[in-house]
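Comments concern the structure below.
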Amino acid sequence: MKIEKLCAVEQAALTVRPGTQPDFEVAVEKGIDILARADGFRWAHLLHGHEAPDTYVLLVGWDSVEHHTVGFAGSELFVEWRAQIAPFLAGAPTVAHYTPT
16 MKIEKLCAVE
26 QAALTVRPGT
36 QPDFEVAVEK
46 GIDILARADG
56 FRWAHLLHGH
66 EAPDTYVLLV
76 GWDSVEHHTV
86 GFAGSELFVE
96 WRAQIAPFLA
106 GAPTVAHYTP
116 T
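Right under this line is the structure:
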């Protein structure tokens, strides 16, 4: 079995305004194209809350935490990303980072 080098993972817990879920999901799909242009981006997956349909978790793989918190968050790409998804959010995302042990 091939073992891939692990990366830093960003976990963003998102709550959207009721009734906006389908449009939010389309916006995130477009937004992932923005993320993909960032240095250090590896992958992204959006998970939908089963019990709470207005909630999502966005998982993003980065080469390092700093690729997200410094490189991406300080770039014009972040401004584009935020403009893409902000209209659908019911509040500020809760973000945490996880790194391999």
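The working numbering puts the first residue of the sequence shown at 16, with every later residue one more than the last.
Just so you know, even glycine gets a beta-carbon here, dropped at the ideal spot from N, CA and C.
For residue 105, the closest of 29, 92 and 23 by C-alpha to C-alpha distance is 29. At the C-beta level, residue 22 and residue 76 come within 7 Å of one another. Within the stretch 36 to 116, the runs of alpha helix (DSSP H) that reach at least 4 residues and sit entirely inside it are, in chain order, 36 to 50 and 91 to 100. Annotation: the continuous beta strand (DSSP E) that includes residue 29 extends over 23 to 30.
Between residue 112 and residue 26, the alpha-carbon positions lie close to 6 Å from each other.
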